[in-house]
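Asker: Okay, handing you the structure first.
Protein chains: 4
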Amino acid sequence: MVHALTVRSDTEPDGQTFLEAARRAQILRATAEVIAELGYAKTSLARIARQIGVSKGVILYHFTDKDSLIRALIWDVYERGAAAIGAAVSREHSASGKLRAYISANLEFTAAHRLDALALVELGSSYRTPEGLRLDQLAEQAMPLPHGLAALDLLPIFQEGLRSGEFREFEPAAMGIAVRSAIDSAGNCLSRDPGFDVRAFAAELVTTFDLATRRPT
Amino acid sequence: MVHALTVRSDTEPDGQTFLEAARRAQILRATAEVIAELGYAKTSLARIARQIGVSKGVILYHFTDKDSLIRALIWDVYERGAAAIGAAVSREHSASGKLRAYISANLEFTAAHRLDALALVELGSSYRTPEGLRLDQLAEQAMPLPHGLAALDLLPIFQEGLRSGEFREFEPAAMGIAVRSAIDSAGNCLSRDPGFDVRAFAAELVTTFDLATRRPT
Amino acid sequence: MVHALTVRSDTEPDGQTFLEAARRAQILRATAEVIAELGYAKTSLARIARQIGVSKGVILYHFTDKDSLIRALIWDVYERGAAAIGAAVSREHSASGKLRAYISANLEFTAAHRLDALALVELGSSYRTPEGLRLDQLAEQAMPLPHGLAALDLLPIFQEGLRSGEFREFEPAAMGIAVRSAIDSAGNCLSRDPGFDVRAFAAELVTTFDLATRRPT
Amino acid sequence: MVHALTVRSDTEPDGQTFLEAARRAQILRATAEVIAELGYAKTSLARIARQIGVSKGVILYHFTDKDSLIRALIWDVYERGAAAIGAAVSREHSASGKLRAYISANLEFTAAHRLDALALVELGSSYRTPEGLRLDQLAEQAMPLPHGLAALDLLPIFQEGLRSGEFREFEPAAMGIAVRSAIDSAGNCLSRDPGFDVRAFAAELVTTFDLATRRPT
DNA sequence: GATGAATGAGGGTTCATTCAT
DNA sequence: CATGAATGAACCCTCATTCAT
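Residue numbers (the working numbering), protein chains in the order written: chain A, 1 to 217; chain B, 218 to 434; chain C, 435 to 651; chain D, 652 to 868.
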């Protein structure tokens, strides 16, 4: 017992307790659940607390702010998503291969982490920082994002394909918008219809954007 | 004064005064302005009233509810949009022509009515009915929508093209999602970057989805 | 009735209704009461509202902020106090006469408006602006104060008496502190002991500081 | 561990450990620091704990209450102040000498222990017991105060001087208020202007109240 | 001795809504 | 028609305090 008190083997390198980390994870999960179910506008700390069955204070004990809670969730999902997508993309060597991998990996992540994906899409459209910035504007500047996030950027892929002649001539920015918005729609579809087949949808998108980008032979 | 209240000699066929209609239109416009500028979450009746320079009560006199105000705005924009788009689509006779017209007309409407389009996109992602339904879910069931809204439905176009063999084989629902989400993105782009060239974007989308849907020769 | 609706004779030149002004005054009074009784730290909007028997919202309807409510109270009392004191001081022509008038008028105001004086003293020591400034620091810079407030400044009186030789040599700033703090103490005394004789106290202070400042003959 | 808890071989006569006393002193000091810097209203246990770099619990382990912590601080400063002042006063034999000593010693203490003096002044105006009593009211009844505190009482000095004819006729209570409030102002001045010259101020006050009290020759 | 975790009361504030005028 | 006034619920947040470890 003295041992336990002094050695503190329950302290992690990053200064967080096991229990602390578990609580944070639990809260983040509950937050995603509530956002996915009710939408961000109706997501209150009280509602999140009720989801877990604790008092409101618990949340503010583990996260300084409502805002920082939301950002932690964003970061958390981004990080895991970017890692998966980045890995898949970098396994491919042609631009069209990378595009296919990008779409597939994105939707694979959506399928595998429905709740997170849903929450993120909802946040993408409804969350604003206290200063009024949207999630994507935030990503550009204020919030330090995981390195792998670069993997979420389509432009390098398009530029590579355009340079190599693999792709037909098109405006990369516009195509990027089309691809991303299609991908993000999957989350919405899922929330409307739990039976929505994300993987089938992925296959359709892959073909669609393959045809839309490839230089006709 | 009692006179004015009861006789209502200026009553229109549908039971609305001229002035009444003007006020409603003014309020709807102000609502769109505020939503476009601040986002739906920060759109309060007080803020809308301030936009016009009247008291909050005015709004609730003309609209029973905040919710019914929002629905009226949605209906209003839908109606005008659907009319324009429906007309453009019906001028075409081939499925691919209709698809091109659909995309162009949509974005033309966005370009011509930035405020309305912006507001509608914002509402599409952030608004929920008191029962928790989203705009599109609402469209499907609860709210009686203008007849012309069917014009917003892509599926008939796709089905026609698939039946006639003009289009390659694809899943109409998935393609519909891709097209609609790409179109709706224009509103977001516009709100983030006022200089965003909607018509150039339209041209890109037309080509993109033409290539994506046409049966390869 | 039509008359009443259209003419709106109840609107004052400054844009405030009679009723509005009355409510504001009532709220200000209640605020002073609560501050005087419980101290600023325990003065909450809820408590003030309860004092009047209305809901919290009423207060925030008439005053944007808790802070602006407090400032309105400060301004209100200052203005009336400064007017009275300034008038009394300017009726005198010698420096020592002005000092006597200054002390007397201050305490006369305290005696006549116990609640206000008490609240102001309490605010002087406990209130801080959201940025952390005290009342006197606020007076120096941020808040536009009534013109007559200059009347509250002792330094000109001391400087005049020193220049004319009417006063002995002393440090005006230090003497100012002594005089003001003695005056302000009356409020505290009053709150501790409702029977405290402010006017007798005033007479003592007049003599005390007369002796302390006059050039000995 | 159980051992350490039960045996307490390092227990002092008054039941306090050496370490215990040191912790208490450290906490009291931190409390004074925070109060002096932020004012009593913004002084939370969390803030005090952070000042030392410990958890909130530590404070509540050593002091049952926030209130008892504050009282302990008051007592502590009073005790030391009263000792210094009492000693200085008792070295004088004339009433006027004692008054001069009283003023000088008070401000000397303020100058020497700025933090403590500042905290005490702040508490004097902002602290209230849970029952709503102010510091001075508390001193009169509720809190057992160090014996030496009587040294802080001016009345005996005044009464002595009045009886002996050394002082002119005046109301001792009123004069006491004037003197004490002037002295206490030094703390405020110090917190507003760190460069405030307390000793010069002391000299001014000594002269001022000497003139104000002495029987004119 | 000390910590981290959790609670619950209360604070200020926003806002849709109601109502008398 | 329109306004001003008021309400009450909900929201985010702070903080003293309790408790198991």
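Ideal Cβ positions, reconstructed from N, Cα and C, are used throughout, including at glycine.
1) If you run the structure through DSSP and keep just helix, strand and coil, what is R199 of chain A?
2) Under 8 angstroms between C-beta atoms, does R128 of chain A make it to chain B?
3) For chain D, check one thing: does any of its Cβ atoms lie closer than 8 angstroms to the Cβ of F604 of chain C?
4) Within 10 angstroms of the Cβ of A403 of chain B, are there 16 or more other Cβ atoms? Answer buried if so, exposed if not.
5) Which same chain residues, not among the five before or five after G595 of chain C, have their C-beta less than 6 angstroms away from its C-beta?
6) Kindly identify the DSSP beta-bridge partner or partners of F818 of chain D.
7) Under three-state DSSP, which class holds T451 of chain C?
8) Would you check if the distance between the CB atom of L856 of chain D and the CB atom of I754 of chain D is smaller than 8 angstroms?
9) Cutting at 7 angstroms between CB atoms, please list the residues of its own chain near Q485 of chain C, excluding the five before and the five after it.
10) Helix or strand or just coil, what does DSSP make of R568 of chain C?
11) Compare the C-beta of R225 of chain B with all C-beta atoms of chain A and state if any pair is closer than 8 angstroms.
12) If you reduce the DSSP assignment to three classes, tell me which class R751 of chain D lands in.
13) Helix, strand or coil, according to DSSP, for R525 of chain C in the structure here?
14) Report the residues of the stretch 39–60 of chain A with a CB closer than 9 angstroms to any CB of chain B, ordered along the chain.
15) Suppose you measure from the CA of G165 of chain A to the CA of G176 of chain A; what does that come to, to the nearest Å?
16) Please work out which residues of its chain come closer than 8 angstroms, Cβ to Cβ, to I808 of chain D, disregarding the five sequence neighbours upstream and downstream, and give them in chain order.
17) Cβ atoms of K490 of chain C and L503 of chain C: under 8 angstroms apart, would you say?
18) Evaluate T651 of chain C with the Cβ neighbour count: other Cβ atoms within 10 Å of its Cβ, from every protein chain shown; 16 or more gives buried, anything less gives exposed.
19) In the DSSP assignment, what residue or residues form a beta bridge with R562 of chain C?
20) Do you know how far the Cα of A41 of chain A is from the Cα of T409 of chain B?
21) Would a check of beta-carbon distances place L549 of chain C closer than 8 angstroms to chain D?
22) Have a look at A:A202, A:A112, A:Q137, A:F201 and flag the residue whose alpha-carbon is nearest the alpha-carbon of V77 of chain A.
23) If you check the beta carbons only, do H279 of chain B and R308 of chain B fall under 8 angstroms apart?
24) Against chain A, does F418 of chain B count as a neighbour if the rule is that its beta carbon must be under 8 angstroms from one of theirs?
25) Does G686 of chain C come out as helix, strand or coil in the three-state DSSP assignment?
26) Listing by chain order, which chain C residues have their CB less than 7 angstroms from the CB of S776 of chain D?
27) Going by beta carbon distance, what residues of the same chain come within less than 6 angstroms of I400 of chain B, once the five residues before and after it are set aside?
28) Compare the C-alpha of G195 of chain A against each of A:I27, A:L120, A:R114, A:L135 and name the closest.
29) I need the straight-line Cα distance from T694 of chain D to A49 of chain A, nearest angstrom please.
30) May I have the straight-line CA-CA distance separating R614 of chain C from I678 of chain D, to the nearest angstrom?
31) Between L862 of chain D and L588 of chain C, which are expected to be in contact by the criterion C-beta below 8 angstroms, what is the C-beta distance as a whole number of angstroms?
32) Inspect the beta-carbon positions of A390 of chain B and L335 of chain B and report whether they are closer than 8 angstroms.
33) For the putative contact between I123 of chain A and L138 of chain A, defined by C-beta atoms under 8 angstroms, what is the C-beta separation to the nearest angstrom?
34) So which residues of chain A does L428 of chain B contact, with C-beta pairs closer than 7 angstroms?
35) If you draw a straight line from the C-alpha of F418 of chain B to the C-alpha of A25 of chain A, how long is it?
36) At the 8 angstroms Cβ level, is L422 of chain B part of the contact set with chain A, yes or no?
Answerer: The structure says:
1) helix
2) yes
3) yes
4) buried
5) A529, F601
6) D:R865
7) strand
8) yes
9) A464, E467, V468
10) strand
11) Unreliable positioning characterises R225 of chain B in this predicted model, as indicated by a pLDDT of 45, which lies under 50. A coordinate reading is not provided.
12) helix
13) coil
14) G39, Y40, A41, K42
15) 18 angstroms
16) V740, A746, K749, L750, Y753
17) no
18) exposed
19) C:R568
20) The question names Thr, but residue 409 of chain B is Arg in the sequence shown. Roughly 20 angstroms between the two C-alpha positions.
21) no
22) A:A112
23) no
24) yes
25) In the structure displayed, chain C extends from 435 to 651; residue 686 of chain C sits before or after that span and is not available.
26) S559, S560
27) N323
28) A:R114
29) 28 angstroms
30) 35 angstroms
31) About 17 angstroms; that fails the 8 angstroms criterion.
32) no
33) Note on identity: in this sequence residue 123 of chain A is Leu, with Ile being the wrong assignment. With a Cβ gap of about 10 angstroms, L123 of chain A and L138 of chain A do not count as contacting.
34) L211, A212
35) 41 angstroms
36) yes
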